[in-house]
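Written below as structure tokens is the structure these notes are about.
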Amino acid sequence: MKFLLVFLGGGLGAMARYFVTVNLAGKFGNFPLGTMAVNIFGSFLMGLLIGIIAGRSSLENVRLLLAVGFLGGFTTFSSFSAETLTLIQGGQIFSAAANILISVVAGLAACFAGLILCK
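For what it's worth, my numbering labels the leading residue of the sequence shown as -1, then goes sequentially.
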């Protein structure tokens, strides 16, 4: 049952990520706005989930479905890494640095904001 929850959540998360990235593709040239958006929004949702489910073993299935599954499929460090490397290889050092800085700082801030909203 646990694997099924992760599987279902992961599939839905991956589909949602694909939808967002396709709809944001090309809005800022080849800057990976879609990946940045899903990673920051996913970080916010993770903060909310952490705040909601922390210490509640009765919500383990919710954690598996949403945190491990959905957000695991929705957010993507590997795409962030590959897209940043592509920017570097294309000589777009400023865009690569902006992608790294904004993604990391905004992702952490979004996660913290989600957590704070639950308190």
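The beta-carbon is built from N, C-alpha and C at its ideal position, and this holds for glycine as well. Owing to the predicted nature of the structure, the values given are computational and were not obtained by experimental measurement.
Helix, strand or coil for C109, going by three-state DSSP, please let me know.
-> helix
Anticipated Cβ contact below 8 Å, L43 with G32, distance rounded | Between G32 and L43 the Cβ distance is about 16 Å, and since that is not below 8 Å, they are no contact.
What residues in its chain sit with their C-beta under 6 Å from that of G112, if we drop five residues either side in the sequence?
-> F42, G45 and L46
So what does DSSP say about R61, is it helix, strand or coil?
-> In the structure shown, R61 sits in a helix (DSSP, three-state: H, G or I).
Skipping 5 residues on each side, what residues in its chain have a beta carbon closer than 8 Å to that of V20?
-> G32
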